[in-house]
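Visitor: Numbering (my numbering), first residue to last: 2 to 360. Where a beta carbon is used, it is the ideal one built from N, C-alpha and C, also for glycine. All figures in this text were calculated on a predicted structure; none of them were measured in a lab. Quick one: structure below, then a few questions.
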Ligand SMILES: Cc1cc2nc3c(=O)[nH]c(=O)nc-3n(C[C@H](O)[C@H](O)[C@H](O)COP(=O)(O)OP(=O)(O)OC[C@H]3O[C@@H](n4cnc5c(N)ncnc54)[C@H](O)[C@@H]3O)c2cc1C
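Okay, here's the thing in structure tokens:
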């Protein structure tokens, strides 16, 4: 029997951040993950943005989440020796109506988005923008994390340490004992599930109300000159890859068809949104789609099972796994080991009354 304190199921952005916090605090763990070639984390843009443009508000808990993510991904970068995982890039948000210019002036005057947005540029920004664009704001403390690089490097790291069990966990083989759990040849003090959208197959937590969202992202080649020193955000996100003139363009939102198949319609949607703002001709190099694990109230869902005290959940990263996972992984580890508190908005308990039925 292999003995460990924590058995983690699922190695995406959520699982990696959990492992990282456990390792930092000197706690032992093993991970079961089937290492797919496509998943939300593998294709995620990796963007973190402390501002919700639609409502011109700070993103939920942005003041706490941004410093936490910068710390965690910098540490992971050092641990894995990836060198350049985290890219703090400004987000340029083009503005195309006078009303919107006025609204932004108000937001800035009230300091609602401080320190992330401090001013508005009332002219067309330099670059290949269409005549629709009349002004812009720039968001500071934003950027992106090269999540695919992180995930592939982290799988390798765990494999070298002998911490990765590469297979799909069969829930029916899980044995819940008096004071521990057993899974095949592993004995653990607890199991933490972070299977993303596959929570629907987890018999212990499939009652948690998720509303998964399919998303598509493109890799495109820009045939016209386009600065690679920022993220463009205007109902689409466009940001540079490590290759010259090659950018990522994302992402779509689809709630009805939940497969991982890229569609022509989604590609067209992304290209036509980009075309409205940028006078750039793009060639599609690659199309990818996956499912985001989104909860009905769009908050993460973490905590302990109401009846089985050795079963934990770390999921619901939704559209913002990059920002949310570092802060809440720390919180969950603190909850488990130091009796720390869970944020009420993220705590699994919020769904107990309406959604959990005792066996
Ligand atoms: C197109 C697109 C663009 C996105 N862009 C961004 C972005 O720019 N910024 C951002 O913050 N977020 C973005 N997201 C959202 C982000 O991808 C998610 O928040 C995040 O990836 C969720 O991570 P996760 O670890 O919870 O789930 P996943 O990435 O799905 O990982 C779960 C893992 O668990 C494994 N697993 C499941 N069940 C089992 C089992 N029984 N046994 C073993 N293994 C199992 C899965 O195979 C997988 O490896 C994007 C998503 C999409 C689809």
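How about residue 97 and residue 122: are their beta carbons less than 8 Å apart?
Guide: No. Outside cutoff.
Visitor: Just list the alpha helix (DSSP H) runs in the segment 280-339, keeping only unbroken ones of 4 residues or longer that don't cross its boundaries, in chain order.
Guide: DSSP runs (the alpha helix (DSSP H)) wholly in the segment 280-339: 322-339.
Visitor: Since I believe residue 13 is in contact with residue 252 (beta carbons under 8 Å), could you give me their beta-carbon distance rounded to a whole number of angstroms?
Guide: With a Cβ gap of about 16 Å, residue 252 and residue 13 do not count as contacting.
Visitor: With which residues is residue 233 paired in a DSSP beta bridge?
Guide: Answer is 93 and 239.
Visitor: When you compare the CB positions of residue 235 and residue 95, do they come within less than 8 Å of one another, or not?
Guide: Yes, the Cβ-Cβ distance between residue 235 and residue 95 is below 8 Å.
Visitor: Under the DSSP definition of a beta bridge, which residues are partnered with residue 88?
Guide: Paired residue(s): 145.
Visitor: Quick one: is residue 199 buried, meaning 16 or more other Cβ sit within 10 Å of its Cβ, or exposed?
Guide: Buried, since its Cβ has 16 or more Cβ neighbours within 10 Å.
Visitor: Quickly, what does DSSP pair residue 66 with across the bridge? List them, please.
Guide: Beta-bridge pairing links residue 66 to no other residue.
Visitor: Going by Cα to Cα distance, which pick from 20, 113 and 41 is closest to residue 33?
Guide: Taking only the C-alpha atoms, the option nearest residue 33 is 20.
Visitor: Which stretch, first to last residue, makes up the beta strand (DSSP E) that contains residue 34?
Guide: From DSSP, the beta strand (DSSP E) with residue 34 extends over 30-34.
Visitor: With three or more C-beta pairs closer than 8 Å as the rule, is the segment 113-121 touching the segment 69-80?
Guide: At 8 Å Cβ cutoff, the stretches do not touch.
Visitor: Quick check: the Cα distance between residue 50 and residue 304, rounded to an integer number of angstroms?
Guide: Using only the alpha carbons, I get a separation of about 26 Å.
Visitor: Going by DSSP, which residues form a beta bridge with residue 217?
Guide: Answer is 290.
Visitor: Suppose only complete runs of 3+ residues qualify. What are the beta strand (DSSP E) ranges in the segment 145-207, listed by chain order?
Guide: You should have 165-167, 175-177, 182-184 and 187-194.
Visitor: Residue 7 and residue 287: beta carbons closer than 8 Å?
Guide: For residue 7 and residue 287, no; Cβs fall outside 8 Å.
Visitor: Please classify residue 301: is it buried, with 16 or more other beta-carbons within 10 angstroms of its beta-carbon, or exposed?
Guide: Classification of residue 301: buried, given that the 10 Å Cβ count is 16 or more.
Visitor: Ignore the nearest five residues each way along the sequence and tell me which others in residue 120's own chain have a CB closer than 7 Å to its CB.
Guide: 109, listed in sequence order.
Visitor: Taking its Cβ as the centre, do 16 or more other Cβ atoms sit within 10 Å of residue 2, making it buried, or is it exposed?
Guide: Exposed, since its Cβ has fewer than 16 Cβ neighbours within 10 Å.
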